Amino acid sequence: MKWDHHLRSTPDKLHWGGYPIGWTPGLTMRSGQTVRVDTLSHQGFTNPAIHPHDYFGAFGVNPKEILPDGIAFWQTLPEREATGRRYGGHVLTGPIYVEGAEPGDTIAIDILDVDTRVPYGFNNTAPTGGVMATFYPGWREGDQGLDIPAVIPPDLPAGVWPDVRTHLYRTGMHRGEEVVFFADDIIIPTHKFMGIIAVASPTGEFIGNTENEPPPATGVQNSTPPGKFGGNMDVRDLNVGTTLYLPVFQPGAQIFIGDPHSCQGDGEVSGTAVEHSLSGTFRITVIKNTTTELPWAETDDHWIMMGIHWDLDRAMRIAVEKTVDFLVTTQGLTVPKAYSFASIAVNYHNAEVVDRTQVVTGYIPKNVFKGRRR
């Protein structure tokens, strides 16, 4: 596939765990152009205490399979920490500045292609990780964690992943399709997507790890909680063939892309997917003078509404409200009919439940609208 621009994941184009506003663009492009974006998984490249060769080598990865740009990023970690440029855990490529995008516009991002950069990825499980965490809203006094003993490879310091079981999964071709080799007798098709696609957030508005908590880094939106700027939505169907719509809050939109996944179920319940360095190709278009309050998406078969909130029940309510609003606005239904349609024809998913704010998606089928907008 050909593209107009290629944004490589070199250290000067990478950000550690946040979306700084007004940062020097990694790339400037015109509306409607295409861009190839290289991304790095955080796994193995974000611990200053251990060289990537040692980390990946402990899991049997050949040095030739370790991305050189990942090592180059790792070498910048001490300087980033010393200058306050560590905002969170993800490695993000960007920002992409789109000419003509202004606050009040909408950005449409067509996901044209996603490829693996290496033939392996990682998933992490822990007794109190993901939905088993003590800070997870569903936790109650007396709840026990899962029986998951930590397995620290012999060549790694014990503190690299305390109490975590790290699973390396190889990927490759099997009977004509790319798969994750989960076990000798279990093969899972890949489902590649970027867990994070974000625009720069509104000035002075930031989301913390709880509803009443400021973000860890002053003045920079941390990449853990998703929000109206998009971000760490972890919606698995933001893959090839989908269009994502995001509101614009800053000139140029200032788009960041990262947290690449080769496979994930709805919810990402352990706290991680198959974390896997990917490259993606995107067409980015400015829709002038049209705004959207929250991210939403579109496939050939569905419109996907989103609700995002710290409270999963609240996120569900918001997703239903957005469904009703969409059906009234685009299909001409009355509110009672739209609510009825949401109840009998729209499937709602807990798309992401482990990143502080939680994401519910509602899938509106297109094929039932005969003679209407599709």
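Each number in my numbering corresponds to the 1-based position in the sequence shown with 1024 added. Cβ coordinates follow ideal geometry from the N, Cα and C atoms, glycine included. Predicted model only: the values in this text are computed from it and were never measured.
Hey, could you find the ends of the beta strand (DSSP E) residue i is sitting in?
| i | result |
| --- | --- |
| Ile1220 | Phe1217 to Val1223 |
| Phe1146 | Tyr1144 to Thr1149 |
| His1333 | His1326 to His1333 |
| Gln1382 | Gln1382 to Pro1389 |
| Leu1051 | Leu1051 to Met1053 |
| Ser1303 | Leu1302 to Ile1311 |
| Phe1247 | One point to set straight first is that residue 1247 is Ser, not Phe, in the sequence displayed. Where Ser1247 is concerned, there is no enclosing beta strand (DSSP E), given that its DSSP letter is neither H nor E. |
| Arg1194 | Arg1189 to His1198 |
| His1114 | Unbroken run through His1114: none, as it is neither H nor E. |
| Ile1211 | Ile1210 to Pro1213 |
Identify whether residue i lies in helix, strand or coil by the three-state DSSP scheme.
| i | result |
| --- | --- |
| Trp1098 | helix |
| Pro1238 | coil |
| Phe1083 | coil |
| Glu1105 | helix |
| Asp1062 | strand |
| Pro985 | Outside the shown range of the chain (1025 to 1398) lies residue 985, about which nothing can therefore be said. |
| Glu1292 | coil |
| Val1155 | helix |
| Glu1089 | helix |
| His1030 | strand |
| Asp1078 | helix |
| Trp1047 | coil |
| Trp1163 | coil |
| Asp1258 | coil |
| Thr1140 | strand |
| Ala1174 | coil |
| Ala1297 | coil |
Output the boundary residues of the alpha helix (DSSP H) element that contains residue i.
| i | result |
| --- | --- |
| Ser1367 | Val1359 to Ala1369 |
| Ala1343 | Leu1336 to Gln1355 |
State buried or exposed for residue i, treating a residue as buried only when at least 16 other CB atoms are found within 10 Å of its CB.
| i | result |
| --- | --- |
| Arg1260 | buried |
| Asn1391 | exposed |
| Asp1379 | buried |
| Lys1216 | buried |
| Lys1252 | buried |
| Leu1170 | exposed |
| Ala1375 | buried |
| Gln1168 | exposed |
Skipping 5 residues on each side, what residues in its chain have a beta carbon closer than 7 Å to that of residue i?
| i | result |
| --- | --- |
| Pro1239 | Phe1230, Ile1231, Gly1232, Gln1245 and Asn1246 |
| Thr1323 | Asp1261, Gly1265 and Thr1266 |
Answer yes or no: the CB of residue i versus the heavy atoms of the ligand GDP, is any distance below 7 Å?
| i | result |
| --- | --- |
| Pro1213 | As for the ligand GDP, it is missing from this structure, which has no ligand bound. |
Residues in the same chain with beta-carbon distance under 6 Å from residue i, minus the five sequence neighbours each way, listed in chain order, please.
| i | result |
| --- | --- |
| Pro1044 | Val1244 |
Using a Cβ-Cβ cut-off of 8 Å (strictly less than) and excluding sequence neighbours within five positions of residue i, which residues of its own chain qualify?
| i | result |
| --- | --- |
| Val1352 | Thr1358, Val1359 and Ala1362 |
(message) Counting beta carbon pairs with one atom in the segment 1227 to 1236 and one in the segment 1049 to 1059, are three or more of them shorter than 8 Å?
(response) no
(message) Tell me whether the segment 1152 to 1171 and the segment 1076 to 1092 touch, counting them as touching only if at least three CB pairs, one residue from each stretch, are closer than 8 Å.
(response) no
(message) Pairs of beta-carbons, one from the segment 1341 to 1360 and one from the segment 1284 to 1291, closer than 8 Å: are there three or more?
(response) no
(message) I want to know whether the segment 1306 to 1317 touches the segment 1147 to 1156 - three or more CB-CB distances under 8 Å.
(response) no
(message) Across the segment 1054 to 1067 and the segment 1109 to 1119, are there enough close Cβ pairs to call them in contact, namely three or more that are closer than 8 Å?
(response) yes
(message) If contact is defined by three or more beta carbon pairs under 8 Å, each pair taking one atom from either stretch, is the segment 1211 to 1225 in contact with the segment 1132 to 1140?
(response) yes
(request) Would you be able to state if there are at least three C-beta pairs under 8 Å between the segment 1123 to 1133 and the segment 1304 to 1311? (result) yes
(request) Take every Cβ of the segment 1207 to 1215, pair it with every Cβ of the segment 1273 to 1281, and state whether three or more of those distances are shorter than 8 Å. (result) no
(message) Does the contact criterion of 3 or more C-beta pairs under 8 Å hold for the segment 1095 to 1111 versus the segment 1029 to 1038?
(response) yes
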